[in-house]
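Participant: Take a look at the following structure, please.
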Amino acid sequence: MAPPAQSQRSASPSQPSGKGEVSDLKSQLRQLAGSRAPGVDDSKRELFKKVISYMTIGVDVSSVFGEMVMCSATSDIVLKKMCYLYVGNYAKVNPDLALLTINFLQRDCKDEDPIIRGLALRSLCSLRVTNLVEYLVGPLGSGLKDNNSYVRMVAVIGVLKLYHISASTCIDADFPLTLKHLMLNDPDTQVVANCLSALQEIWSSEASTSEEASREREALLSKPIVYHLLNRIKEFSEWAQCLLLELVAKYVPSDSNDIFDIMNLLEDRLQHANGAVVLATVKVFLHLTLSMTDVHQQVYERIKAPLLTLVSSGSPEQSYAVLSHLHLLVMRAPFIFASDYKHFYCQYNEPSYVKKLKLEMLTAVANESNTYEIVTELCEYAANVDITIARESIRAVGKIALQQYDVNAIVDRLLQFLEMEKDYVTAEALVLVKDLLRKYPQWSHDCIAVVGSISTQNVQEPKAKAALIWMLGEYSQDMHDAPYILESLIENWDEEHSAEVRLQLLTAVMKCFFKRPPETQNALGAALAAGLADFHQDVHDRALFYYRLLQYNVSVAENVVNPPKQAVSVFADTQSSEIKDRIFDEFNSLSVVYQKNRSNSLVVGFIFTDTDKYLQPSYMFTDKEHRGPFEFSDELGNVSIGAESADNVVPANRVEANDKDLLLSTSEKDESRGPTHNGSAYSAPLYDSSSASISAANSLSELAISNPTSAGNASSSSLAIDDLLGLGLPATPAAAPSPAPAPLPPPLKLNPKAVLDPGTFQKKWRQLGISLSQEFSMSPQGVAALTTPQALLKHMQGHSIHCIASGGQSPNFKLFFFAQKAEESSNYLVECVINTSSAKAQIKIKADDQSTSQAFSDIFQSALSKFTVS
Amino acid sequence: MLQCIFLLSDSGEVMLEKQLTGHRVDRSICAWFWDHVISQGDSLKSMPVIASPTHYLFQIVREGITFLACTQVEMPPLMAIEFLCRVADVLSGYLGGLNEDLVKDNFVIVYELLDEMIDNGFPLTTEPNILREMIAPPNIVSKMLSVVTGNSSNMSDTLPGATASCVPWRTTDVKYANNEVYVDLVEEMDAIINRCITILIYTYNFTSSVDTLKRDWDSTILRFSLLHALLRDGVLVKCEIYGEVQVNSLLSGLPDLTLSFANPSILDDVRFHPCVRFRPWESHQILSFVPPDGQFKLMSYRVKKLKSTPIYVKPQLTSNDGTCRISVMVGIRNDPGKTIDSITLQFQLPPCVLSADLTANHGAVDILSNKMCSWSIGRIPKDKAPSLTGTMVLETGLERLHVFPTFQLGFRIMGIALSGLQIDKLDLKNVPSRLYKGFRALTRGGEYEVRS
């Protein structure tokens, strides 16, 4: 037998190191192929091992395909297995060569050893070559009737594999009905379980086209089938039990007897050693009893102990997954773990992701009876070596304080933190004391005494400094030194790098002025002067605004800046019960654990919006990145919408196309939600427009944009809630907006201040067809600079091309841009996918005016090519 | 359903790739993942479930090896994590440990195992007993055999009998000349002991202003009296036992066992191997089961709210002028009646400590490069109480130590289960002619930490 001629073809040029050795292997294999000498299997085995190890490290060894197949004529089962593995890996890329293997696989399917029959059948189905499906039907049919359960088990999954290669072949051969018969009659439970999983997948994806399939899918959830399977659940393997329990969770019981029957049957599953089984059972219990309030409460009691055991006995990874679910449960029923709070105490050795979740749990379960103990424990963590955890635990103390009525002991603790002389502890504590004072003004006396003794020199973090300054302003009547401290801060105006702090400083000095005018007058003048000269847009605006306000009427100014305030009774608890319910439906699904950290700082985030979020890696629409306290809920809501639909179609709703499609599907989900989120969107163009409305001069607004990660806009808007309530937008000063000089290549001119809201963008993106699709290379400098999408956004904005959404991480980025013609409101929408490892950019342009899309594409490309490390 | 499993070495190299479904997951996902891990600083810090731009990733790390699984569809997260944990357990059982070289040397076996453990992304069997019958482990015996007999297949020739038997975890045909069954109680004690309030309060008094002192006078006095109590004895914040009943069954045929405890009521929550029948436990707290062959974990349990610990640790830290004196005493608090051995004390020196000079009057003290300090005490001598003393030099500019180390205590007590759980009796239906029953107990320190 001659080796295939094209065998050298696919030796990858990127791995020259393996090439010589591969051809070496090839000739050695060929020598062995015909040999019948004793011990030949051993040498074959060594060679096969080498081939597979090359394959494993990523060297392309597809060139020895022919030789491998020739050598596979052996009775040695390990050799066979290695050969099957090899064939399975390369058949898809070498369909012609795969034909060679069909012969020997089919022969093995008739071997007398059931293991070989099974393995051969599995490999045969794993070839996944479309034009070979005709060879599959026969072996599969006899495999399903095999008298050995191992072979039947493999054949059932084989049917599913066949379905994914060619659905019609599978349906035509009537395999689904055979599987149904097997599911109800086979003595082996693994065969039954595999049938169930295969049928769920097949009928779900068939259901959209065939009425019969959708009826069959319904029938899977019918009482006889569910009961038939449930009665055998103890024989099932643990993983098959998970599968079955998933099915039962979707079953709609006919009456309460039904419910109790199932629960009695499954009761002992809660004691199973496998955590996945326990969690799936918990889900069944919760779902079955949703409509029976008192039983539902009993269920909470019943599931408590098994869940807590899972947390404390498993590996950290398991604890994490379980804790995420506990957090979900505790949101619905805070009382259930109230007496078991000690389970959520952090152990020293635990990874920080577990500790963080435990801190959240401790916050959530705190109530009147256990607050003291929990807060004592949290205070221990404040001295923790792990600084992030120390910070988180202080925040947790603050959250508990804001939830509780009896905050006596907590305030004490917080004040102790202030005196611990560790900068990060002081910083966190200051922020919390400020929040606390907004809710419990009656504590001001005690707090102010301690806060007054803190030197501003020791507080460096902007948030903490801003909090301290806020207190200085708010309580200046009680703090003896307040005007002088503020004055010294104003003297160092230029050294203060955070705009947030400077903004607070302006407001505080105003408040102080109204309370103690003679002492503060000088400081106020200095602050306003410094503010007016400030390069930061918002600081400048606020200083100007205060200045005008004071000029206009001092008492009005006082009403605006320092009105009598009411204590904040509830800090935004934004998770509506509806959303909680929706998440709850997703119990035991990925959406529960996925990106859990987003729920952090819900309470604090409302007041000083957490600017760190900008810096988090983003891979979805950027405007989702910044939705203040709502983002967690919205996002989970969104995920659960997507997941629900996936549920109806059952797991097989797979994205078969290439990897990037997942990105697209998320963004499309987003589009479908359309205008439900707006307003707080953080996208470059919106940013532009909103700050422009307050801005004095457009050139300055450019500056503000150039620094989007600084606290600027976010804090100003939240401060507006605090201080400028009811005022609306301040009047724009008279300075005329001068257009920013943008490079405008003729003949097409773009509008540098184009505005388009995400809703319109999405609508247009759906409406318009692609007018141009191109792929081109990027310069290496550009690729090097593209570590985050943000850098590119700013650059493109300089070329009047605005980004509406961006995402992805190295090496793949996906960005959506838009631009407007200068003279008319004709839009260009661009989807740009950049792969930095191959230095390729792919753009799809949609345009209102399709005739100019080529011109626009040129502008876009030239802009992109100028992008380098700034 | 999982789409792909990767095994990565501790340098991020792909050691093994197993595609599970028709959707081929590109290897570049591993590069993405590794970048992500590096950006988190430490693989232990990155979360077990990560959403990459294209896939959801599950990861667990065992002995430096990352087990990474990818999926694009919704699935129960714990199922994926639990499965990866099982894969790690099975591999480490097969290879006699887990490290990069072992995996690379035996990757064919790893492939074979994965092939039987998961098909088309859905886990099939992870029961080590069944897997062992399908794929022989690469032990020295089988290597010897292959040399002697020339038959080098590490594949058993027979089909796993279990797939045909009505007891899925047991093969039908087991024969032993000597019938033996061993039951081990293995317990781990987890405890948290606090004893740090002293320093906090002193700091508090000296630095706070006069009015705060006045305001807090009452509570301070209260705390001082509390303090004296604390100095004598640490506060036991939490103490519980996690225990396992491990059985090694070497019995012929289909043995039916019952195991009962003298005091089952102390158990707070129990989890069973699938072989345990539920009803007898519900009604009489009796474990009735047909065991798998060989070693397995029959049940695990927790005992909450224990009142005492066997060993005390008394750390004292006093700092002034940029140095901190440390003294730690360790001794027996409640003698369990059996020897306590392998006592070790570990703690991480705070990052602000520049250097430390520590000596012990018993046992050896080591300071590792990552500032982990480890004191191996062994047994506590009769004539003296072991103590560790020394000074730590703090960073310049730092007067006092603000971050206090947590001491982690390890120990082992043979012959006793500290929870007090006692096995009453083990019975066998159809007693074979020669039967040997063995019982053992052992308690270890688990997450046993003392805060200073």
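So the sequence lines, in the order shown, correspond to chains X and P. Our numbering numbers the first residue of the first sequence as 18 and each following residue consecutively. Our numbering numbers the first residue of the second sequence as 1090 and each following residue consecutively. Note that CB positions come from ideal geometry on N, CA and C, so glycine has one too.
#1: Using the rule of at least 16 other Cβ atoms within 10 Å of the residue's Cβ for burial, across every protein chain shown, is MET795 of chain X buried or exposed?
#2: Hey, CYS529 of chain X and SER493 of chain X: beta-carbon distance below 8 Å or not?
#3: Checking contacts by CB at 8 Å: is THR1480 of chain P closer than that to chain X?
#4: So LYS1403 of chain P is in the beta strand (DSSP E); what residue range does that whole segment cover?
#5: Throw me the rounded Cβ distance for the MET1278 of chain P and TYR1537 of chain P pair, which I believe falls under 8 Å.
#6: Applying the criterion that 16 or more other CB atoms from any shown protein chain within 10 Å of the CB defines a buried residue, is SER1541 of chain P buried or exposed?
#7: Could you tell me which of X:ASN539, X:PHE835 and X:LEU419 sits nearest to LEU846 of chain X, measuring between CA atoms?
#8: Assess, as a yes-or-no matter, whether the region 1467-1479 of chain P is touched by the region 1448-1457 of chain P under the definition of 3 or more beta carbon pairs within less than 8 Å.
#9: Using a Cβ-Cβ cutoff of less than 6 Å, which residues in the same chain neighbour GLY1377 of chain P once the five nearest sequence positions on both sides are dropped?
#10: Pick helix, strand or coil for SER1465 of chain P, following the three-state DSSP scheme.
#11: Are the beta-carbon atoms belonging to PHE1350 of chain P and ILE1512 of chain P less than 8 Å from one another?
#12: Just to confirm the assignment, what range does the beta strand (DSSP E) spanning PHE1361 of chain P have?
#13: Between which two residues does the alpha helix (DSSP H) harbouring LEU216 of chain X extend?
#14: Under the rule that 16 or more other beta-carbon atoms within 10 Å means buried, what is GLN25 of chain X, buried or exposed?
#15: Return the bridge partner residues of ARG1391 of chain P from the DSSP annotation.
#16: Where do the N-terminal and C-terminal ends of the alpha helix (DSSP H) with GLN859 of chain X fall, by residue?
#17: Return the residues of the region 91-104 of chain X that lie within a Cβ-Cβ distance of less than 7 Å from chain P, sorted by chain order.
#18: Give a yes or no on whether 8 Å exceeds the smallest Cβ distance from HIS1362 of chain P to chain X.
#19: Along the chain, which unbroken stretches of the alpha helix (DSSP H) at least 4 residues long are found entirely within the region 95-153 of chain X?
#20: Just to make sure I have the definition right: I need the residues of chain P whose C-beta is within less than 7 Å of the C-beta of THR326 of chain X. Which are they?
#21: Under the DSSP definition of a beta bridge, which residues are partnered with SER1444 of chain P?
#22: Check for me: the alpha helix (DSSP H) holding CYS363 of chain X runs from which residue to which?
#23: Mind listing the chain X neighbours of PHE1196 of chain P? Cutoff is C-beta to C-beta under 9 Å, in chain order.
#24: When the Cα of ALA484 of chain X is compared with those of X:ILE507, X:ASP452, X:ILE502 and X:ALA466, which residue comes out closest?
#25: On a Cα-Cα basis, can you pick out the residue from P:SER1463, P:PRO1404, P:ASP1446 and P:ARG1414 that is closest to SER1431 of chain P?
#26: Could you tell me which chain P residues have their CB closer than 8 Å to the CB of HIS289 of chain X, listed as they occur along the chain?
#27: My understanding is that GLU1329 of chain P touches ARG1391 of chain P, with C-beta atoms under 8 Å, so please give their C-beta distance in whole angstroms.
#28: With a threshold of 8 Å between beta carbons, is LYS630 of chain X in contact with chain P?
#29: May I ask which residues mark the beginning and end of the beta strand (DSSP E) holding ILE1282 of chain P?
#30: My output table needs one value for HIS198 of chain X: the three-state DSSP class, helix, strand or coil.
#31: The alpha helix (DSSP H) spanning LEU1524 of chain P covers which residue range?
#32: What did DSSP end up calling PHE1500 of chain P once you bin it into helix, strand or coil?
#33: Based on the DSSP output, what are the partners of ILE893 of chain X in its beta bridges?
#34: Any idea if GLU840 of chain X is buried or exposed, counting beta-carbon neighbours within 10 angstroms, 16 or more meaning buried?
#35: Against chain P, which members of the region 337-351 of chain X pass a CB distance test of less than 9 Å?
#36: Over the uninterrupted beta strand (DSSP E) stretch that includes VAL78 of chain X, give me the two end residues.
Facilitator: With the given structure in hand:
#1: The residue you call residue 795 of chain X lines up with position 778 of the first sequence. Per the 10 Å Cβ criterion, buried.
#2: Within the first sequence, numbered from 1, the residue matching residue 529 of chain X stands at position 512. Within the first sequence, numbered from 1, the residue matching residue 493 of chain X stands at position 476. Against a cut-off of 8 Å, the Cβ pair of SER493 of chain X and CYS529 of chain X comes out as a contact.
#3: The residue labelled residue 1480 of chain P in the question sits at position 391 within the second sequence. With 8 Å as the cut-off, THR1480 of chain P does not count as an interface residue toward chain X.
#4: The residue you call residue 1403 of chain P lines up with position 314 of the second sequence. Run containing LYS1403 of chain P: 1400-1409, per the beta strand (DSSP E) assignment.
#5: As a position in the second sequence, residue 1278 of chain P is number 189, starting the count at 1. As a position in the second sequence, residue 1537 of chain P is number 448, starting the count at 1. With a Cβ gap of about 6 Å, MET1278 of chain P and TYR1537 of chain P count as contacting.
#6: Start at 1 with the first residue of the second sequence, and residue 1541 of chain P comes out as number 452. Classification for SER1541 of chain P: buried.
#7: The residue given as residue 846 of chain X occupies position 829 in the first sequence. Taking only the C-alpha atoms, the option nearest LEU846 of chain X is X:PHE835.
#8: yes
#9: The count along the second sequence starts at 1 and reaches residue 1377 of chain P at position 288. Strictly speaking, residue 1377 of chain P in this sequence is Ser, with Gly absent from that position. Closer than 6 Å at the Cβ level, and outside the excluded window around SER1377 of chain P, lie THR1347, ARG1366 and PRO1369.
#10: In the second sequence, the residue the question calls residue 1465 of chain P occupies position 376. Three-state DSSP puts SER1465 of chain P in a strand.
#11: The residue given as residue 1350 of chain P occupies position 261 in the second sequence. The residue given as residue 1512 of chain P occupies position 423 in the second sequence. For PHE1350 of chain P and ILE1512 of chain P, yes; Cβs fall inside 8 Å.
#12: Translated into the one-based positions of the second sequence, residue 1361 of chain P becomes position 272. It spans 1358-1361 - the beta strand (DSSP E) in which PHE1361 of chain P sits, taken as one unbroken run.
#13: Translated into positions along the first sequence, residue 216 of chain X becomes position 199. First-last of the alpha helix (DSSP H) with LEU216 of chain X: 206-223.
#14: In the first sequence, residue 25 of chain X corresponds to position 8, counting from 1. Unreliable positioning characterises GLN25 of chain X in this predicted model, as indicated by a pLDDT of 36, which lies under 50. The coordinate reading is nonetheless provided below. That one is exposed.
#15: Looking up residue 1391 of chain P in the second sequence gives position 302. According to DSSP, which records beta bridges pairwise, ARG1391 of chain P is partnered with P:TYR1331 and P:ASP1358.
#16: In the first sequence, residue 859 of chain X corresponds to position 842, counting from 1. For GLN859 of chain X, no alpha helix (DSSP H) run applies; the uninterrupted beta strand (DSSP E) run containing it begins and ends at 857-864, by DSSP.
#17: ASP93, ILE94, VAL95, LYS98, MET99 and LEU102
#18: Taking the second sequence and counting its residues from 1, one reaches residue 1362 of chain P at position 273. Chain X contact via Cβ: present.
#19: 112-125 and 131-143
#20: Within the first sequence, numbered from 1, the residue matching residue 326 of chain X stands at position 309. Result: ASP1358, ARG1360 and ARG1391.
#21: Numbered from 1 along the second sequence, position 355 holds the residue referred to as residue 1444 of chain P. SER1444 of chain P pairs with P:VAL1482.
#22: Against the first sequence, residue 363 of chain X aligns to sequence position 346. No alpha helix (DSSP H) contains CYS363 of chain X, which DSSP labels as neither H nor E.
#23: In the second sequence, residue 1196 of chain P corresponds to position 107, counting from 1. Ordered by position in chain X, the residues that pass the 9 Å Cβ test against PHE1196 of chain P are LYS66, ILE69, SER70 and THR73.
#24: For the purposes of this step, residue 484 of chain X is taken as the residue at position 467 of the first sequence. The candidate whose alpha carbon is nearest that of ALA484 of chain X is X:ASP452.
#25: For this step, residue 1431 of chain P is matched to residue 342 along the second sequence. The candidate whose alpha carbon is nearest that of SER1431 of chain P is P:SER1463.
#26: Position 272 of the first sequence, counted from the start, is the residue given in the question as residue 289 of chain X. Result: ARG1360, PHE1361 and PRO1363.
#27: Sequence index remark: in the second sequence, residue 1329 of chain P carries index 240 (1-based). Sequence index remark: in the second sequence, residue 1391 of chain P carries index 302 (1-based). About 6 Å separates the two Cβ atoms, so the contact holds.
#28: Within the first sequence, the letter at position 613 stands for residue 630 of chain X. Only weak support is given to the placement of LYS630 of chain X: the predicted model assigns it a pLDDT of 30, under 50, and the question is left unresolved by the model.
#29: Locating residue 1282 of chain P in the second sequence gives position 193, where the first residue counts as 1. Taken as a continuous stretch (DSSP letters only), the beta strand (DSSP E) holding ILE1282 of chain P covers 1268-1283.
#30: Here residue 198 of chain X is taken as the residue at index 181 of the first sequence, counted from 1. Three-state result, HIS198 of chain X: helix.
#31: Residue numbering aside, residue 1524 of chain P sits at position 435 when the second sequence is read from its first letter. That residue, LEU1524 of chain P, is in no alpha helix (DSSP H); its beta strand (DSSP E) goes 1524-1540.
#32: Position 411 of the second sequence, counted from the first residue, corresponds to residue 1500 of chain P. The answer is strand: DSSP assigns PHE1500 of chain P an E or B state.
#33: A query on residue 893 of chain X cannot be resolved here, the shown segment of chain X reaching from 18 to 887 and no further.
#34: By one-based count along the first sequence, residue 840 of chain X stands at place 823. The residue is exposed, with fewer than 16 neighbouring Cβ atoms inside 10 Å.
#35: Taking 9 Å as the Cβ-Cβ cut-off against chain P, the residues of the region 337-351 of chain X that qualify are TYR337, ALA338, VAL339, SER341 and HIS342.
#36: On the first sequence, residue 78 of chain X is found 61 positions in, with the first residue counted as 1. Here VAL78 of chain X belongs to no beta strand (DSSP E), and DSSP marks it neither H nor E.
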